[in-house]
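Scroll down for the structure; my scribbles are underneath it.
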Amino acid sequence: MQAHDEMDYSKKLDLSLWKRLLGIAKPYHKHLWWIMITMAICAACDVIFPLLTGYAIDHFIANQTTMGLGGFVAVYMAVLLVQVASIYTFLLLSGKTEVGVCYTIRSLGFKKLQELPFSYYDRMPVGYLLSRMTTDTQRLADTIGWSLLDLVWGVIFLVMCSIQMFILRWQLAAVIVLVLPPLALISMYFQRKILAAYREVRKTNSRITSAFNEGIMGARTTKTLVREEANFGEFQELTTRMKKYSVRSATLSAVFLPIVVSLGSLATAYAIYKGGLEVMAVPQIITLGTLQVFVNYTIQFFQPVREIARIFAELQSAQAAAERVLTLLSTEPDIQDTEKVVALYGDNFHPNKENWPELLGDIRFEDVSFQYTDGEKVLEHFNLHVKAGESIALVGETGSGKSTIVNLLCRFYEPTEGRILIDGVDYRERSLLWLQSHLGYVLQQPHMFSGTIRDNIRYGKPEATEDEVIRAAKLANADPFITKLPKGYDTPVGEGGSLLSSGEKQLISFARAILVDPALFILDEATSSVDTHSEALIQQAITGILRGRTSFMIAHRLSTVRKADRIIVIEDGKIIEEGSHDQLIVKQGHYYQLYTSQFQDEQGQAVLRGE
Numbered sequence: 005m006q007a008h009d010e011m012d013y014s015k016k017l018d019l020s021l022w023k024r025l026l027g028i029a030k031p032y033h034k035h036l037w038w039i040m041i042t043m044a045i046c047a048a049c050d051v052i053f054p055l056l057t058g059y060a061i062d063h064f065i066a067n068q069t070t071m072g073l074g075g076f077v078a079v080y081m082a083v084l085l086v087q088v089a090s091i092y093t094f095l096l097l098s099g100k101t102e103v104g105v106c107y108t109i110r111s112l113g114f115k116k117l118q119e120l121p122f123s124y125y126d127r128m129p130v131g132y133l134l135s136r137m138t139t140d141t142q143r144l145a146d147t148i149g150w151s152l153l154d155l156v157w158g159v160i161f162l163v164m165c166s167i168q169m170f171i172l173r174w175q176l177a178a179v180i181v182l183v184l185p186p187l188a189l190i191s192m193y194f195q196r197k198i199l200a201a202y203r204e205v206r207k208t209n210s211r212i213t214s215a216f217n218e219g220i221m222g223a224r225t226t227k228t229l230v231r232e233e234a235n236f237g238e239f240q241e242l243t244t245r246m247k248k249y250s251v252r253s254a255t256l257s258a259v260f261l262p263i264v265v266s267l268g269s270l271a272t273a274y275a276i277y278k279g280g281l282e283v284m285a286v287p288q289i290i291t292l293g294t295l296q297v298f299v300n301y302t303i304q305f306f307q308p309v310r311e312i313a314r315i316f317a318e319l320q321s322a323q324a325a326a327e328r329v330l331t332l333l334s335t336e337p338d339i340q341d342t343e344k345v346v347a348l349y350g351d352n353f354h355p356n357k358e359n360w361p362e363l364l365g366d367i368r369f370e371d372v373s374f375q376y377t378d379g380e381k382v383l384e385h386f387n388l389h390v391k392a393g394e395s396i397a398l399v400g401e402t403g404s405g406k407s408t409i410v411n412l413l414c415r416f417y418e419p420t421e422g423r424i425l426i427d428g429v430d431y432r433e434r435s436l437l438w439l440q441s442h443l444g445y446v447l448q449q450p451h452m453f454s455g456t457i458r459d460n461i462r463y464g465k466p467e468a469t470e471d472e473v474i475r476a477a478k479l480a481n482a483d484p485f486i487t488k489l490p491k492g493y494d495t496p497v498g499e500g501g502s503l504l505s506s507g508e509k510q511l512i513s514f515a516r517a518i519l520v521d522p523a524l525f526i527l528d529e530a531t532s533s534v535d536t537h538s539e540a541l542i543q544q545a546i547t548g549i550l551r552g553r554t555s556f557m558i559a560h561r562l563s564t565v566r567k568a569d570r571i572i573v574i575e576d577g578k579i580i581e582e583g584s585h586d587q588l589i590v591k592q593g594h595y596y597q598l599y600t601s602q603f604q605d606e607q608g609q610a611v612l613r614g615e
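Structure follows, in structure tokens:
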């Protein structure tokens, strides 16, 4: 199992990052403002209640009178009702904000993933991306919906409480406030440590998610190669690492919070001691009610301090998630249309189809060179002209450059040098969507989406009628096996097509490609993983499907390419032979050797099977 090493991020709170995140939450800014207003009202009520209690002690208890008690109770109840209404409002709006932010980030993330090219998925594990869009996104929504707002409440209450304490007795208030600087230094120290530990937890969690994904998707391979014990050992290393850093993070928090509590308790004890002396002094300096108010404020004063410390720790741990999510959202596709092209033809989500030219299928590679990001050169000064409607078979050893040629044609990648012309125009002057909307691509291992057979055939053209779906299935020779199923076209395919055979999935994939009526057809090892019966059905279908369309076939089974108009033999990214099947057989060159060798192998296998 390969781990994806994530980049290192900032080791302190990055305010610009949180500003960007709040920018994403812009649709909910109105909610946030109302939440802050209601929280300020709640904080004001929390400051008023001790004053009311102090007043009651000095005026009703000390004087042993009930005069004015009714009015006092009415005021107390009014303040209480205001606070209850404020709490209800901010809880409701906070919940809506959390859900809304989660929805927005996931929508943006999914849209971004749809825009990114193949090269991005080549280097990003599935587990990494799943973690970004699930646990990290939920963490950010929780942080914006609750933690940031708790921080606002804490700051507002601290300011109001401090002002009132200085009004009551500034000499005592000054001593209490002196506790804040050492508390701030302690908080900064622990925050850095907690964030570092939590980043390791997040990194390891992504690797664990990837390991789970690989373990589930590769279960059959794992069992056939008896890799259970080795895989478990690798997985245990990851879980042990995650446990180590999770415990470190929890330990740091466990040490940090008691320090804050202890400092608060010492300050409260001082307020009781000093204030008690002033109550008993002759003449009396402060009243008993004032002392009660001050002690109450002192106790409450350190509650938001503890909350702020906790929230900062949460913000730092959430920042690790924020950095990863925003990195994904800010990823620019390696391949994208220019502003001029977008203005004329639109983009993936807003196409201007009325401006799209017809794709005839004349393809020209002009002096094309290509290398992957790791520096590996695959093609160098490659030239090829394919006429509209011509069927081309690409033949060669693994790694010769066949798939790269097709990937460049489909614009999954772009040439490092040179250009590719479609109908005489550099395809970068047309939109990606225009090109890929005219593609019919059948892979060696086609992916089936959850749903029915009908859903999968209709996947590229959701508005297709029932007649169109059935016609496509008949052209692909898929209709006979589909109609024999108990539920026919309504048969569920299972996750990833698990309820279908390889041949059945391939036939459905052909039908799916046919339905969109593509001008360019790509068959990438389309028959290499199917049985001989399915291959025969596919071979029958190919003849009719490719008629009148420009097509490229990549095949190791050379029986598939015999009917191609032109067979091109590729070696080390260069064309070493080309011609029809008969021409190349007569030539007795590289293709002849490949074909005769494969033919002899197939004959030998047939003898072994008793055929």
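Reminder that position 202 of the sequence shown reads as 206 in our numbering, one-by-one numbering, no gaps.
A virtual CB, placed ideally from N, CA and C, is assigned to each residue, including glycine.
- In the DSSP annotation of this structure, Q375 is not part of any alpha helix (DSSP H); the continuous beta strand (DSSP E) holding it starts and ends at 367-375.
- With fewer than 16 other CB atoms across the displayed protein chains lying within 10 angstroms of its CB, H451 is exposed.
- DSSP places I289 in the coil class of the three-state scheme, outside both helix and strand.
- Taking C-beta atoms under 8 angstroms as the contact rule, A515 and A480 qualify, at a distance of about 4 angstroms.
- The closest CA to that of N411, considering only V372, K391, A392, is found on V372.
- If you check the CB distance, E575 and G593 do not come in under 8 angstroms.
- Within the model, the alpha-carbon separation for T294 versus L172 is close to 7 angstroms.
- Distance from the Cα of L55 is smallest, within the candidate group E358, G72, F76, for F76.
- Taken in chain order, the unbroken stretches of alpha helix (DSSP H) that lie wholly in the stretch 190-241 and span 4 residues or more are 223-228.
- The alpha-carbon separation between D366 and D427 amounts to approximately 5 angstroms.
- The stretch 492-510 and the stretch 413-432 do not touch, with fewer than 3 CB-CB distances between them shorter than 8 angstroms.
- As a beta-bridge residue in DSSP terms, L383 pairs with F374.
- Nearest to L443 by alpha-carbon distance, out of Y107, R462, I461, R415, is R415.
- Annotation note: the stretch 288-341 contains the following uninterrupted alpha helix (DSSP H) runs of length 4 or greater, listed N- to C-terminal: 292-333.
- No Cβ-Cβ contact shorter than 8 angstroms links D528 with L598.
- About 17 angstroms separates the beta carbon of I160 from that of A89, a gap too long to meet the 8 angstroms contact definition.
- I91 and T42 have their C-alpha atoms some 7 angstroms from each other.
- Shown here, T469 sits in coil according to DSSP, grouped into three states, outside any helix or strand.
- F260 is classed as buried because its beta carbon has at least 16 other beta carbons within 10 Å across all chains shown.
- With a cut-off of 8 angstroms on Cβ pairs, the stretch 483-502 is not in contact with the stretch 543-551, counting fewer than three such pairs.
- If you look at Y445, you'll find it in the beta strand (DSSP E) that goes 443-446.
- By the C-beta density criterion, V429 is exposed, having fewer than 16 other C-beta atoms within 10 angstroms.
- Counting only unbroken stretches of 3 or more residues, the beta strand (DSSP E) elements lying wholly within the stretch 519-559 are 524-528, 554-558, in sequence order.
- Residue burial is scored here from C-beta neighbours: G27 has fewer than 16 other C-beta atoms within 10 angstroms and is therefore classed as exposed.
- Where E343 is concerned, the enclosing alpha helix (DSSP H) starts and stops at 343-349.
- Between the alpha carbons of E358 and L524 lies a gap of roughly 20 angstroms.
- In the three-state DSSP reduction, G498 falls in the coil class, being neither helix nor strand.
- Closest in alpha carbon position to D494, among V473, S151, R24, V299, is V473.
- Under the three-state reduction of DSSP output, A397 falls in the strand class.
- In the three-state DSSP reduction, T420 falls in the coil class, being neither helix nor strand.
- Relative to the Cα of A66, the nearest Cα in the group Y80, V329, Q296, G99 belongs to Q296.
- In the structure shown, the three-state DSSP call for H389 is strand.
- Per DSSP, reduced to three states, the secondary structure at E362 is coil, with no helix or strand assignment.
- One alpha carbon belongs to L363, the other to L388, and they sit about 18 angstroms apart.
- Taking the C-beta atoms as reference points, F239 is found nearer than 8 angstroms to A215.
- DSSP lists I396 as the bridge partner or partners of R570.
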